[in-house]
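In the numbering used here, the protein residues as written are 409 to 651. Yeah, the Cβ is synthetic: ideal placement off N, Cα and C, and Gly gets one too. Keep in mind that this is a model prediction, so the values were computed, not measured. Report on one structure; see the data block that follows.
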Amino acid sequence: MERLQKVMAKAGVASRRKSEELITAGRVKVNGKVVTELGSKVDPSQDQIEVDGKRIQEENLVYILLNKPQGYVTTADDPHGRRTVLDLIKVKQRVYPVGRLDYDTEGLLLLTNDGDVTYALTHPSHQITKKYIATVEGVPNQGNLKALERGIKLADGWTAPAKVEVVVDFNDKAILSLEIHEGRKHQVKRMCKAVGHPVQELKRIKMGPLELDDDLKLGEYRYLRKNEVKQLRDIAQKVKGNE
Ligand code: URA
């Protein structure tokens, strides 16, 4: 535990003296509560500290966009000993995948140690848009496409409206793009199977404001750009404001 003003100064908010002024002026919150006492101690790795509503970052927040290859699980540990996406990431901070992709699904996966962003992007009540490219068996007809768009009944209920297009028609198979707003387990695979067109290959190319770059190879990752982080933080802030 450390004194609040010391943690603030270390995080670069202001000098220690100026930080004390901010505290006594009631501009600093710890875990959502205004703290005005100068003797207060905090644990910077646990406590959430905000100055004028903006969170200070003691530990470096990192945001990584990975082009996940097939053959990796998106959980931190796998009971079957399979490789995890964390095996591909070499950063000193401990990061976590935001949401999941199946073992055999490729594409955009965000990893971060920012709990607010993870929460905002994965909570079922404010799911963001995700775009997938799926290679499916056969070519869905207009009726199937409409059904996928309107919503179909899966074992766990109706799917929300989606946007679905045939990108390439190969006669015996097709490449579809699907934009969905939910994140149920195996959702795209289950949707396509339900209309008689099982998925052969699946790749995620968009999630909220993030897009997979063409030049990011499978298994490679990059740090998010400043404007991308800002957009994610704005989403997290909005979610917080609504709760
Ligand atoms: N839908 C699926 O079926 N699998 C994924 O990995 C992601 C979405």
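State the Cα-Cα distance for the pair Ala542 and Lys601, rounded to the nearest angstrom.
12 angstroms
For Gly551, which of helix, strand or coil comes out of DSSP?
helix
For the stretch 487-532, which segments carrying the alpha helix (DSSP H) assignment without a break, of at least 4 residues, lie completely within its bounds, in sequence order?
523-530
Cutoff 7 angstroms; reference Met615; Cβ partners in own chain excluding five residues on either side
Leu516, Leu518, Ile536 and Lys538
Secondary structure at Thr567, three-state DSSP: helix, strand or coil?
coil
Continuous alpha helix (DSSP H) stretch holding Met416: start and end:
Leu412 to Lys418
Is there contact here, the stretch 459-477 with the stretch 430-441, by at least three beta-carbon pairs under 8 angstroms?
yes
Local Cβ density within 10 Å of Pro505, reported as buried at 16 or more and exposed below that:
buried
Nearest to Pro548 (by Cα), restricted to the options Asp522, Asp524 and Ile583:
Ile583
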